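Colleague:
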Amino acid sequence: METDTISAISTPVGEGAIAIVRLSGPEAVSLANGIFQGKDLNEVNTHTIHYGKLVDPKTNELVEEVMVSVMRAPKTFTREDIVEINCHGGLVSVNRVLELTLAQGSRLAEPGEFTKRAFLNGRIDLSQAEAVMDLIRAKTDRAMNVALKQMDGRLSRLIQNLRQELLEVLAQVEVNIDYPEYDDVEEMTNEMMIHNTKSVHQEIERLLRTAKQGKILREGLGTAIVGRPNVGKSSLMNALVHENKAIVTEVPGTTRDVIEEYVNVRGVPLRLIDTAGIRETEDLVEKIGVERSRQVLQEADLILLVLNNGDTITEEDKKLFEAVKGMDVIVIVNKTDLPQQIDMGELREVAGNHPIVTTSLIEEQGIDQLETAISEIFFEGDIDTGDMTYLSNVRHVQLLNQAKDTLEEAMQGMEAGMPIDMVQIDVTRTWELLGEIVGDTVQESLIDQLFSQFCLGK
Ligand code: GDP
Ligand code: ZN
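Counting with my numbering, you get residues 14 to 471 for the letters of the sequence shown.
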């Protein structure tokens with residue numbers, strides 16, 4: 014168990030007028046007190062905030078005017094003593110304050126270490142910790158709500174309920190193994206097993222069905238705009254970015270540290286794929302080759318295929334339709350202000366089931382309908398989105414898939430009349446796999462790896 018005191022800047026660096034340096038650990042209050050003038054922080058009540066001056070104890074030089082909050086364990090995020098020093102947002106000033114806390118004897122926190130401590134001290138479980146990470150990265154309000162619900166422990170409770178049902182089965186199996194001579198015990202066991210495994214199985218499947226939306230909320234709907242030169246791809250991109258709040262996010266740790274562009278369309282985050290490339294490459298298919306462009310297209314969750322209303326459908330257009338076969342495509346017939354040359358009957362044939370939207374980007378027409386079409390693709394055929402626990406995490410999806418598989422083995426075993434202790438193994442394994450989601454049964458290396466994905470100061 015870690016017991017030293019850590020500190021870090023816990024607000025985004027360089028943003029906002031206020032920055033917070035946060036300390037957590039047994040020495041948090043006394044360390045802060047060593048550089049604070051105004052009050053004896055060792056004496057103040059917990060969960061109070063105090064105005065004063067930060068002074069470098071070596072030189073007695075005034076560093077900053079600050080507000081300091083003191084929160085004593087255990088009612089804190091990490092369940093340790095926490096001190097938050099609110100100072101001016103400038104980079105120099107915040108770093109100076111951080112350095113002072115380090116000079117006093119705290120250690121610079123690793124990425125995610127505050128949240129890791131909250132987890133290790135039992136304040137939150139693993140799926141909640143992962144929700145903190147999602148929250149930091151959330152790109153729309155909707156994604157943020159999903160993360161908040163998960164942080165609030167909704168997924169955890171759901172998973173714990175499923176585990177409880179399986180535990181009841183396992184207990185009943187024990188009874189059965191202890192009293193094999195009673196027929197009615199066996200009957201009860203079988204009935205309960207079938208009932209509980211079925212209901213757990215259904216719930217797992219329901220959760221897995223939410224995974225696609227969850228992934229999109231988390232990572233954005235990978236969107237590629239394709240079309241022949243001059244049909245209006247760049248104009249479409251500009252319209253989308255202009256109409257909606259564009260969110261620029263740095264994605265560290267990916268092979269190329271790209272700056273990705275996100276736009277928020279009715280709560281659906283669109284991640285515009287390789288936009289720079291598409292912007293310059295007037296003809297995606299020609300310029301980067303069919304193979305490479307197929308790859309780019311395959312990364313996409315959504316294709317916006319743009320055509321020109323003032324032109325007939327060409328072979329090139331048809332090739333594009335061919336290349337995006339089987340994907341989610343919205344066909345956009347742009348330039349409706351021009352005299353119509355496109356044959357709509359032919360288009361409907363080529364477009365198949367894909368929705369068709371008409372726009373005149375130059376006259377700002379049709380963008381609303383396009384956005385409706387996008388949100389309909391995202392929320393296809395569903396689901397009560399207001400009160401939904403989305404599965405948004407790759408690790409959770411994998412574990413649930415495995416849990417579903419082992420549970421199905423157990424169910425098949427029951428049907429085939431396998432010995433009960435064989436079925437028991439699969440049910441136990443399912444119970445363990447579900448436990449890994451909330452962190453009851455995970456290895457330490459995984460925990461380290463998970464928390465290392467966090468930003469500094471969280
Ligand atoms: P891209 O080559 O597909 O990226 O097409 P651009 O967005 O660069 O647009 C090509 C040309 O078409 C530009 O001159 C645009 O101003 C023009 N354009 C875009 N949308 C419309 C439209 O709805 N109507 C008309 N008449 N022109 C448009
Ligand atoms: Zn262009």
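For every residue, glycine included, the Cβ atom is placed at its ideal position computed from N, Cα and C. Quick caveat, the model's predicted, so the values are computed rather than measured.
Going by C-alpha distance, which of L67, V81, S82 is nearest L2?
Modeller: Residue 2 lies beyond the residue range present for the chain, which begins at 14 and ends at 471; the question has no answer from this structure.
Colleague: Say yes only if the C-beta of D330 is nearer than 7 Å to one or more non-hydrogen atoms of the ligand GDP, and no if none qualify.
Modeller: False, no ligand heavy atom lies under 7 Å from that Cβ.
Colleague: Do you know offhand how far W444's Cα is from A416's?
Modeller: Near 8 Å, if we compare the C-alpha coordinates of A416 and W444.
Colleague: Take the Cβ of S169 as the centre, count every other Cβ of all protein chains shown within 10 Å, and call the residue buried at 16 or more, exposed below.
Modeller: With 16 or more other Cβ atoms within 10 Å, it is buried.
Colleague: So, for I31: in the same chain, excluding its five sequence neighbours on each side, which residues have a beta-carbon less than 8 Å away from its beta-carbon?
Modeller: Within the same chain, I31 has close Cβ partners T24, N99, C100, H101, G102.
Colleague: Considering only their Cβ atoms, is the gap separating A144 from M164 smaller than 8 Å?
Modeller: Cβ distance < 8 Å, so M164 and A144 count as in contact.
Colleague: May I ask you to report which of helix, strand or coil DSSP gives L148?
Modeller: Helix.
Colleague: Among the residues of its own chain, which have a CB less than 8 Å from the CB of N414, if the five just before and after it don't count?
Modeller: For N414, where only same-chain residues beyond five positions count, the Cβ hits under 8 Å are L221.
Colleague: Assign D17 to buried or exposed, taking buried as 16 or more other Cβ atoms, counted over all protein chains shown, within 10 Å of its Cβ.
Modeller: Exposed is the call here.
Colleague: At 4 residues or longer, and completely inside the stretch 33 to 74: list those alpha helix (DSSP H) runs for me, N to C.
Modeller: Those alpha helix (DSSP H) runs which fall completely within the stretch 33 to 74 and span 4+ residues are 41 to 46.
Colleague: Straight-line CA distance for E216 to T419?
Modeller: Approximately 15 Å between the Cα atoms of the pair.
Colleague: Locate the alpha helix (DSSP H) running through T128, then write down its first and last residues.
Modeller: Looking at the DSSP string, the run of the alpha helix (DSSP H) that includes T128 is 126 to 133.
Colleague: Less than 8 Å between the CB atoms is what I'm expecting for I387 and D356, so what's the real figure, rounded?
Modeller: About 26 Å; that fails the 8 Å criterion.
Colleague: Is there contact between the stretch 314 to 333 and the stretch 230 to 245, where contact requires at least three CB pairs shorter than 8 Å?
Modeller: Cβ pair count under 8 Å is three or more, so yes.
Colleague: Which residues mark the beginning and the end of the alpha helix (DSSP H) in which R284 is found?
Modeller: Careful: R284 lies outside any alpha helix (DSSP H), inside the beta strand (DSSP E) at 281 to 285.
Colleague: Using 8 Å as the threshold, is the C-beta distance between I433 and L383 below it?
Modeller: Contact: no.
Colleague: Going by other Cβ atoms of all chains shown within 10 Å of its Cβ, with 16 needed for buried, is V213 buried or exposed?
Modeller: By the neighbour-count rule (16 or more Cβ atoms within 10 Å), V213 is buried.
Colleague: Which runs of the alpha helix (DSSP H) at least 4 residues long sit entirely within the stretch 197 to 235? Give them in chain order.
Modeller: Listed in chain order, they are 224 to 232.
Colleague: Measure the Cβ-Cβ separation of T8 and G379 and say whether it is below 8 Å.
Modeller: This structure leaves residue 8 out entirely; the chain is present only between 14 and 471.
Colleague: So R231 and D147 are in contact, right, with Cβ under 8 Å, and what is the actual spacing, rounded?
Modeller: Right, the Cβ-Cβ distance comes to about 6 Å (below 8 Å), so this counts as a contact.
Colleague: What residues are listed by DSSP as bridge partners for G240?
Modeller: Bridge partners of G240: V319.
Colleague: Tell me whether R284 is buried or exposed, calling it buried when 16 or more other Cβ atoms sit within 10 Å of its Cβ.
Modeller: Answer is buried; the Cβ neighbour count reaches 16.
Colleague: K348: which of N321, I369, E362 sits nearest, CA to CA?
Modeller: Per the Cα distances, N321.
Colleague: With which residues is R120 paired in a DSSP beta bridge?
Modeller: For R120, which the question treats as bridged, DSSP gives the partners I19.
Colleague: According to DSSP, is Q353 helix, strand or coil?
Modeller: DSSP places Q353 in coil when its eight states are reduced to three.
Colleague: Could you compute how far the alpha carbon of E97 sits from the alpha carbon of L446?
Modeller: Whole-angstrom Cα-Cα distance: 38 Å.
Colleague: What does a CB cutoff of less than 6 Å around H409 pick up in its chain, not counting 5 residues either side in sequence?
Modeller: Result list for H409: I450, in chain order.
Colleague: Does any heavy atom of the ligand GDP sit closer than 7 Å to the C-beta of T372?
Modeller: Yes, Cβ of T372 sits closer than 7 Å to a heavy atom of the ligand GDP.
Colleague: Quick one: is the Cβ of S247 within less than 7 Å of any heavy atom of the ligand GDP?
Modeller: Answer for S247: yes, Cβ within range of the ligand GDP.
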